Ligand code: ADP
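In full-length UniProt numbering, the protein residues as written are 163 to 429.
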């Protein structure tokens, strides 16, 4: 025999149990939703290059008498789509592995100053053909505990963007200094700048500014909208923060703040 009071307590306990279980499931549900959205977006993004490739290759069957020279624009377009997809799939893999916590940083002491100088020099050669000057103003001897490959990947993403969004004759500067126990690294360009309405979204996966969406570089290099989300992941894994400031038509500056010594978000 259960008294009324006990019944009420039991009901309250059951309701509280349901409430707590529901609350505990909310983060799991939202992680699940994020993953589903990621898969849907990735599939959607891959459909366009696949469709373009299909059209170009089907054309070859429709004109069996054409020579390779006659069809070469279509063949090279199919090849550019393959290159684009390869780049996107590699980036998607990095993001999927980071979501699954399968990417461990391989930490070691890194001479950040040398890494910046060396990477900037590599890009200077590449930029020369566009008449863009790449310079470095880096305090010597800045050391960071980090993953050298990931830090290099981060710099490549920022420099590659700077190069793509800066017109001929522009300038790109890589800087690094230590202030107040923090390391500040930045990549500054005199490029197109970022419209204010794009600013809050540029680190989102698949987000491309209007210009990037409509414009393909002369080499057919089209943005995937994934570079900056990978950049932010790398920075956060090193316990740092990345910020952007930009003026439309004048240029952009991406600044990364790293703590000195070993520190990771997941620690
Ligand atoms: P994407 O492959 O499109 O460049 P990112 O994630 O690297 O993808 O960048 C997202 C968007 O941010 C770009 O589409 C572009 O609109 C803007 N962006 C990034 N870097 C720059 C830059 N240096 N100058 C101007 N716009 C930039």
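Built from N, CA and C at the ideal position, the CB exists for glycine as well.
Bear in mind that the values here come from a model prediction, so they are computed numbers and not experimental data.
In chain order, 232, 233 place their CB closer than 8 Å to the CB of residue 225, counting only its own chain and leaving out the 5 sequence neighbours on each side. Beta-bridge partners of residue 421 (DSSP): 344. For residue 164 and residue 185, the gap between their C-alpha atoms comes out near 30 Å. Beta-bridge partners assigned by DSSP to residue 271: 307. Between residue 334 and residue 312, the gap from beta carbon to beta carbon reaches 8 Å or more.
Between residue 305 and residue 339, the CB-CB gap reaches or exceeds 8 Å.
At the C-beta level, residue 343 and residue 422 come within 8 Å of one another.
For residue 330, the closest alpha carbon among the candidates 364, 289, 341 is that of 289.
In the same chain as residue 282, and ignoring 5 residues on each side of it, the C-beta atoms closer than 7 Å to its own belong to 296, 298, 336, in chain order. A Cβ-Cβ separation of about 16 Å leaves residue 278 out of contact with residue 307 under the 8 Å criterion.
Cα atoms of residue 369 and residue 363: separation of roughly 7 Å, rounded to the nearest angstrom.
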